[in-house]
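Quick note: to get this note's numbering, add 188 to the position in the sequence shown (first position is 1).
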Amino acid sequence: MKWSFDARIRRAAELALKYPAAGDLLTFYRELALFQKPIFEALRSTAETDVRALAPYFTPLIELVARHGPAHLADQGKARLHDPAAVEALLQSAWEDGAAHTLAADPYGRFFARVLLQPYAEYLASRGDVQASPENRTCPFCSSWPVAGVLRGEGDGAKRWLLCAVCSTEWVFRRVLCWNCGEEDKDRLPIYKAEEFASVRVDACDTCHIYLKSVDLTKDGHAVPMVDEIAAVALDIWAEEHGYSKLEPNLLGM
Ligand SMILES: [Zn+2]
Ligand SMILES: [Zn+2]
């Protein structure tokens, strides 16, 4: 696993201080990562692969959200997921139907399922080598969409990876290519940056009007992509205002 839960937890605390406007989001994210870490460790130590093993974590997750998250999220969790059968059904459909896509119309279900599916899917992905082809538009392990791009230096330039929203697998993807519609004309693939976020940028497409934020590790070697992506929430607001939309929201649903 490239980005340990400890690294995410540490980075969320750092960035909450650096970007006070995103402080509440990052503090909530940190609590979620603290909750996910022992789940990952328990799955790994027992070699558990049944997604239903996540069901007992639902009640403590709802309690965590009630303490640290938005009230409406905790209320929805309590109202809809008190019944163990509903919880198992949600987990199974979220995992088996190509991860999160079918839950796109159900942001509450997606949130609760994803907090638990991430450590589960990351554990499964960590058991072997995931083989990716450079043309993979979706995660080569779990078929989910990317939540962010990751740029790393290579030779004189930088190479781009896409980061899976669910299992955190990364796979190499050409920089000048829209992962959603296949656009390759660089004039239709604008990049937007803001001074405030030196290491995060918006990779947009003027053909299909989607965007993805990329985290540039050549600009900040301490960045942790899934956390830095959340910290730069101001770029999401900017992108939406300029007519672009994100296909895959991050863990916090943004
Ligand atoms: Zn994946
Ligand atoms: Zn496109």
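Beta carbons: idealized from backbone N, C-alpha and C, even for Gly.
Item	Value
Presumed contact (8 Å Cβ cut-off) between Pro-413 and Trp-191, rounded CB distance	7 Å
Check: Asp-326 C-beta below 6 Å from any heavy atom of ligand 2	One detail in the question is off: residue 326 reads as Thr in this sequence, not Asp. Checking every heavy atom of ligand 2 against the Cβ of Thr-326, none is found closer than 6 Å.
Gln-224 at chain D interface by Cβ criterion, 7 Å	Reference to chain D is not applicable here, since this structure consists of a single protein chain.
Per-residue burial, Leu-423 [other beta carbons within 10 Å of its own, 16 or more giving buried]	buried
Candidates Leu-213, Thr-357 and Tyr-207: closest to Glu-383 by CA position	Tyr-207
Cβ-based neighbour list, Ala-309, same chain, cut-off 7 Å, excluding 5 preceding and 5 following	Cys-330, Val-354 and Cys-355
Contact test: Ser-332 Cβ vs ligand 1 heavy atom, cutoff 6 Å	yes
Segments assigned beta strand (DSSP E), at least 3 residues, entirely inside the region 307-376	334-342, 345-352 and 358-360
Pair within 7 Å by beta-carbon distance, Thr-406 and Gly-341	yes
With 16 other Cβ atoms within 10 Å as the buried cut-off, status of Phe-193	buried
For Asn-438 and Lys-266, the rounded distance between their alpha carbons	22 Å
Rounded separation between Trp-283 and Pro-295 - CA only	15 Å
C-alpha gap between Ala-288 and Arg-298, whole angstroms	With a pLDDT of only 49 at Ala-288, under 50, the local geometry of the prediction cannot be trusted, and no value is derived from it.
Chain-ordered list of residues that sit, by beta carbon, closer than 5 Å to a heavy atom of ligand 2	Cys-366, Asn-368, Cys-369, Glu-371, Cys-393, Thr-395 and Cys-396
Assigned secondary structure, Ala-411 (DSSP; H/G/I helix, E/B strand, else coil)	coil
Contacting residues, own chain, Cβ-Cβ under 8 Å from Arg-232 (five flanking each side not counted)	Tyr-311 and Ser-314
In DSSP terms, what Lys-381 is bridged to	Arg-389
Ile-250 to Lys-347 span [Cα, whole Å]	39 Å
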